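The opening residue of the sequence shown carries number 314 in the numbering used here; numbering runs sequentially from there. For glycine and all other residues, C-beta sits at the position ideal for the given N, C-alpha and C. Since the model is a prediction, treat every value here as computed from it, not as a measurement.
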Amino acid sequence: MESDEPSKPEGVTPEGEIQAVSEAERLVEQGYRTLVGVAGVHAETEAFELCQTAIEIFRSALEAAGDDLGQRAMVKQGLAAAYSQLGHQQRYIGNHVAAITALTEALRFNPTLSEDYYYRAQSQLKAGDEQAARKDFTEYLRRGEDDYLRNQAKEQIATLALKAEDGTIRAKHWQDEGIRFNTEASSAMLPRGEALPEPARAAALYNKAQEALGKARELNPKDPLTKYALLAALSQQAECYLAMNEYDLAIDNYSRAYAVQPLLQHLFSRGEAYRAAGHLEQARADFEQYLMEGNDSALKLQAKTYLEEKPKQPALEVL
């Protein structure tokens, strides 16, 4: 039985609002359909032609988007996908210079395409640009999550660093590794969302950071960034130890940090760790030195408060 209700015109909502598809959106859809066709062809020239056609369509979409920021962002995602596909097609036939050019364009439009850093690095290796390859492998480790690719990137970075005759280049490799471990450790202690801190995992990562930064200091002992990264690893690892009630380990870290750079902040923090561990004489010595030499008024007031504390009397044993 036919309904007496009038049929709604195509593109009109129940409320009567016209749902117009913009020219940019139409072109974006056409561009993606063209890209899908790349997977179904076997001839290299045809795959290249489809990629180039998709790029031209997306560029037309970018013009059609005008000043609409939302549409322009959508189109740039499509352009990145098209250039990425073109770059990989060039890689497959060993045309690594062209692959680098295309993947660079892909990352310009969408820097979050993490695997394109890895594969651009591989093409840069084949093209003989080891410095650029190492930079891209490092960027992949910062962004990428695939375990296999991460392991491969780490091996490539280590190999490139060991090949370098210049000690500063090898030092930079270990410095980058140390900073990367610092970042991962910090994320373990300060996770996003509702995840809980993982002090034990963070402490293990800080050990790796200290090992890498130690190698960097051996090769280039005057680099200030390496020193500050090492200080961060030591002091932040000490906080992990405090969270686990490993006071003696925290004390050792603050002592090592003070040896790297004699900052009074390290003495104050060590004093607090001594105090938490019950080593009151050592804590008093650190607080007294901070009170005499320190500049931070808030910490000096806290040190004074600690020094004025009366020792807790042991509980009397009930007979």
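In this structure, the alpha-carbon of R588 lies about 15 angstroms from that of E552. Assignment of T481 by DSSP, reduced to helix, strand and coil, places it in the helix class. In chain order, A411, A412 and A415 place their CB closer than 7 angstroms to the CB of Q403, counting only its own chain and leaving out the 5 sequence neighbours on each side. Judged by pairs of C-beta atoms under 8 angstroms, the segment 504-516 does not touch the segment 467-482, as fewer than three such pairs exist. Within the segment 371-435, the complete alpha helix (DSSP H) segments of 4 residues or longer fall at 382-405 and 409-422, listed in chain order.
Measuring C-alpha to C-alpha distances from A471 to each of Q574, R455 and D489 identifies D489 as the nearest. A check of alpha carbon separations from A446 across V573, Q437, E452 and Y453 identifies Q437 as the nearest. Within the segment 520-569, complete alpha helix (DSSP H) segments of at least 4 residues are found at 537-556, given in chain order.
The three-state secondary structure of H592, taken from DSSP, is coil. Rounded to whole angstroms, the Cβ separation of A586 and L612 is 15 angstroms, and the two are not in contact under 8 angstroms. Here S335 carries a coil assignment [DSSP, helix/strand/coil]. Following the DSSP letters along the chain, one finds N464 inside the alpha helix (DSSP H) bounded by residues D460 to K476. K617: member of the alpha helix (DSSP H) spanning S610 to E621, first to last residue. Within the same chain, and ignoring the five residues on either side of K439 in sequence, the residues whose Cβ sits closer than 7 angstroms to its Cβ are H409. Linking E376 to A337 through their CA atoms gives a straight-line distance of about 8 angstroms.
Of all alpha-carbon atoms in T481, L426, G350 and L580, the one lying nearest the alpha-carbon of A563 is that of L580.
Under the three-state reduction of DSSP, R455 is assigned to helix. In terms of Cβ geometry, Q469 and Y519 do not form a close pair [threshold 7 angstroms]. Under the three-state reduction of DSSP, Q574 is assigned to coil, being neither helix nor strand. With 16 or more other Cβ atoms from the protein chains shown falling within 10 Å of its own Cβ, K528 counts as buried. Excluding sequence positions up to five before and after Q398, its CB lies within less than 7 angstroms of the CB of L348, V351 and C364, all in the same chain and listed in chain order.
With 16 or more other Cβ atoms inside 10 Å of its own Cβ, A570 counts as buried. Within the same chain, Cβ atoms closer than 8 angstroms to the Cβ of L462 are found at E428, Y431 and Y453, the five residues on either side in sequence being excluded.
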